[in-house]
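Below you can see the structure in the form of structure tokens.
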């Protein structure tokens, strides 16, 4: 299976590294960063590309662009992990649309295009009979898409509850554990590299709301967008609130919830008993799915990280490899 | 896809009911219980079979046997959910061997044959190019096999830790919560229908050890058997031990663990911090998988139940349907 990879940030490098280290039957025939690209239909040298990127910041030839890779190179699957403009979803959206129109599978960690243009992207994929996969957009290393899609196949999803933002969860964990104020905990999150210089996107609950939209569109069979989500962030939480929660053997977590039958699509701080499965610590993510047959299933795992995100992308790549090559699975 | 179902206990009836209620593209062409069977290559009436079974205890014709179904009826997948002799794995083992030899896929919830004769069964399945699936043997409704096999594809499994027995977990939960003795908690588990008249199989840790063998054989790439597991049950635990644990913000859970690189294959009561993801309540099951890329992933869900087990079996059936018919998945 031939893969073209766009984006040489930490996720892209993680994917390349794992493809290089593991025997997965995957050949990388093209890579691109924002300023250069490398195309070799016989397979590029992953080691050399990673070394070049580390040495001078370019992965290839400055005369070749990411769009040249998308439209002109030979690949079966496009892996789209470029940095994306959150408002427009570009340039990832255009890359993905072009690849799909060419009849190529797409695997991405880019939330923007998937949350904003899901119907359009899915329509093309269905029409062309190819796959659009985006496990890495939600829950980091947690294979929530595969678990719902294959593991819980045949189930109806009644509700989704999730701790989908590691930054917020870290802040809430530290406020509860150490009695820190929101501002103190945010500062600590910044120092640890868990919060960005402008933390708005996380602490206002926008990032988990986008992930909720992706889950709802995929598993709750009606089309929703970010504007449909009722969002409250964690930036006005006091440690008095957390202290009161603790007195009742509870704590507060930022919960994203979708309950389609009740029209609920919401991100808000919620009081949970300490023994609740969604009460995870630090930057962990957790998702509970309520289904008609399996009941409640909870998944917990790392919400971010280069190799962790690569795990999700590689899971998607191998699923395409196995379902489109007709090969059999490990338990067969 | 045509399915023949053997076993009309609570799991078998749950599977039939769900196939009847949901539009899954599955036709049931034969059913059998221990004393009768019904074969109709155009599809049996699920409603009538369930009614007949409820009315007189037979699902069909006493002149036809389960083996007649296995060897003589028309089906693509055999669902084997008969009651099994724990020592011999029969009659399920013979049913499964015959179906596999006929080149038919097999889906089962029967731990006996899978834990005892895994290599032999897998060998035939691989040779015939068909699938042997057994999601329902471990963790009830938790889709652990699919999550590992598809969701975490490409990952190496470094360790498996699991709360795999709901009876033991219920007893430990009640001992900790109410200060009950082991005997009192066992009595309560019996009254609630969570423990059998002879609870040996559960409380001595044999049941979780069998499940551990199944997980290790499937995901840790070396062949092990029940004799290789170092087993300690919960039947000698005192509530003093639980009280001491509580004083350290900990509790005790019966943990099944496989760490292949260290040669560890063990079931034993373990001290865990109360905030640990494997500290689940009541009859819940939980499994943590440690992998090279995704890190630690934990799954929590119901460990038993008719419809919950049916969910696992239907997940396997739909996986066979989708991978063998070349259809595309929901996210495509």
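Chains as they are written, first to last, in the numbering used here: chain A, 1 to 332; chain B, 1001 to 1332. C-beta: ideal position from N, C-alpha, C; glycine also.
Considering only beta carbons, the part of the stretch 144–172 of chain A lying closer than 7 Å to chain B consists of 145, 146, 147, 149, 150, 151, 152, 153, 154, 155, in chain order. Residue contact check for residue 215 of chain A against chain B: no CB pair falls below 8 Å.
For residue 1273 of chain B, the enclosing beta strand (DSSP E) begins and ends at 1264–1273.
Straight-line measurement puts the Cα of residue 139 of chain A at about 12 Å from the Cα of residue 298 of chain A.
Interface annotation for the stretch 102–133 of chain A against chain B: 105, 122, 125, 126, 129, 130, 131, 132, 133, criterion Cβ-Cβ distance under 9 Å. At a Cβ-Cβ threshold of 8 Å, residue 290 of chain A and residue 158 of chain A count as neighbours. Annotation for residue 77 of chain A: the continuous beta strand (DSSP E) segment containing it runs 77–80. If you draw a 10 Å sphere on the C-beta of residue 1109 of chain B, you find 16 or more other C-beta atoms in it, and that means buried. A Cβ-Cβ contact shorter than 8 Å links residue 1059 of chain B with residue 1052 of chain B.
Under the Cβ distance rule, residue 300 of chain A counts among the residues neighbouring chain B, one pair being separated by less than 8 Å. Look at the stretch 1015–1082 of chain B and you find these whole runs of beta strand (DSSP E), each 3 residues long or longer: 1027–1032, 1037–1039, 1077–1080. Under the three-state reduction of DSSP, residue 1227 of chain B is assigned to helix.
Of the residues assessed, residue 222 of chain A falls on the exposed side of the cut-off, its CB having fewer than 16 other CB atoms within 10 angstroms. In this structure, residue 67 of chain A keeps its C-beta atom at 8 Å or more from the C-beta atom of residue 155 of chain A.
For residue 282 of chain A, no beta strand (DSSP E) encloses it, and the DSSP letter there is neither H nor E. Among the residues facing chain B, residue 78 of chain A is not included, as its CB has no counterpart in that chain under 8 Å away.
The three-state secondary structure of residue 1204 of chain B, taken from DSSP, is coil.
Among the residues of chain A, none has a CB under 7 Å from the CB of residue 1178 of chain B; the nearest is roughly 15 Å distant. When DSSP reads this structure, residue 1002 of chain B sits in a beta bridge with B:1027. Distance check between residue 324 of chain A and each of A:4, A:76, A:311, A:236 places A:76 closest, using alpha-carbon atoms only. In the DSSP assignment, residue 1009 of chain B falls outside any alpha helix (DSSP H) and carries neither an H nor an E. The Cβ of residue 293 of chain A sits closer than 8 Å to at least one Cβ of chain B.
The closest CA to that of residue 1205 of chain B, considering only B:1094, B:1275, B:1165, B:1180, is found on B:1165. Distance from residue 1070 of chain B to residue 1306 of chain B at the Cβ level is roughly 23 Å; contact not present, criterion being Cβ atoms closer than 8 Å. Listed in chain order, the alpha helix (DSSP H) elements of length 4 or more contained wholly in the stretch 1158–1207 of chain B are 1166–1178, 1182–1191, 1200–1203. One alpha carbon belongs to residue 1072 of chain B, the other to residue 1039 of chain B, and they sit about 9 Å apart.
Within 9 Å of the CB of residue 307 of chain A, the CB atoms of chain B belong to 1292, 1293, 1294, 1295, in sequence order along the chain. In terms of beta-carbon proximity, residue 323 of chain A lines the interface with chain B, with at least one pair separated by less than 8 Å. Residue B:1118 holds the alpha-carbon nearest to the alpha-carbon of residue 1226 of chain B among B:1063, B:1028, B:1003, B:1118.
Taken in chain order, the complete alpha helix (DSSP H) segments of 4 or more residues contained in the stretch 90–164 of chain A are 92–101, 111–116, 118–128.
In the DSSP assignment, residue 245 of chain A falls within the alpha helix (DSSP H) that extends over 239–247. When secondary structure is reduced to three states using DSSP, residue 1232 of chain B falls in the coil class, being assigned neither helix nor strand. Within the DSSP secondary-structure output, residue 1254 of chain B pairs in a beta bridge with B:1269.
Under the criterion of beta carbons closer than 8 Å, residue 1285 of chain B and residue 1126 of chain B do not qualify as touching, at roughly 29 Å.
For residue 1299 of chain B, the pairing in a beta bridge is given by DSSP as A:299, B:1287.
Between residue 1272 of chain B and residue 1265 of chain B a beta carbon distance of about 19 Å is seen, past the 8 Å cut, so the two are scored as non-contacting.
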